[in-house]
Amino acid sequence: MTNKLPPKQVTRDDIDAYLKERGETVLLMDGFDEALIGFSQRMNEPLLAVYSYQVMVDVCVFRDGMSYEEAEEYIEYNCIGAWVGEQTPIIVQDFLR
48 MTNKLPPKQV
58 TRDDIDAYLK
68 ERGETVLLMD
78 GFDEALIGFS
88 QRMNEPLLAV
98 YSYQVMVDVC
108 VFRDGMSYEE
118 AEEYIEYNCI
128 GAWVGEQTPI
138 IVQDFLR
């Protein structure tokens, strides 16, 4: 028998509080808080937000009513294809789930 609790829904306020507590500033993607899986950092590099590609697709499908193909095209062009500086978030293709 497994006693697993559902994951806590993290809000933008939770994320902002977490970052403020650590004195960090991170570029976050609007509308994809559910897809945020954490943060990444390399030696002497800025902290980067990390998002799940599949969850981003699901958000576009279920929240915005897109087909899977439309959602993938939207994310490829508007998110993966967007360079907004050295703090551009990372989008992980989490195909092993």
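Sequential numbering of the sequence shown, starting at 48, is according to the working numbering. Positions of the beta carbon are idealized from the N, C-alpha and C atoms, including for glycine.
Coil, strand or helix - residue i by DSSP
{"i": "L74", "result": "coil"}
{"i": "E123", "result": "helix"}
Cβ neighbours of residue i in the same chain (closer than 6 Å, five flanking residues each side left out)
{"i": "Q56", "result": "none"}
{"i": "T49", "result": "Caution is warranted here: a pLDDT of 48 is assigned to T49, below 50, making its placement in the model unreliable, and the coordinate value is therefore given only provisionally. Taken in chain order, the list of residues that qualify is empty."}
Chain-order list of residues whose beta-carbon lies under 7 Å from that of residue i (same chain, five-residue window excluded)
{"i": "G85", "result": "V97"}
{"i": "Q134", "result": "V73, L74, P93, L95"}
{"i": "D111", "result": "none"}
{"i": "I127", "result": "I138"}
Extent of the continuous beta strand (DSSP E) run through residue i
{"i": "I138", "result": "137 to 139"}
Backbone CA spacing between residue i and residue j [nearest angstrom]
{"i": "V102", "j": "S114", "result": "14 Å"}
{"i": "E116", "j": "V108", "result": "9 Å"}
{"i": "E81", "j": "T58", "result": "8 Å"}
{"i": "Y100", "j": "D63", "result": "22 Å"}
{"i": "I138", "j": "Y65", "result": "20 Å"}
{"i": "F79", "j": "V106", "result": "7 Å"}
{"i": "D61", "j": "G70", "result": "14 Å"}
{"i": "V131", "j": "N125", "result": "11 Å"}
{"i": "E123", "j": "D141", "result": "15 Å"}
Point to revise | Whole runs of the alpha helix (DSSP H) within the stretch 52 to 121, excluding any shorter than 4 residues | key: Under the rule that a run must span 4 or more residues, the alpha helix (DSSP H) segments found entirely inside the stretch 52 to 121 read 59 to 69, 100 to 111.
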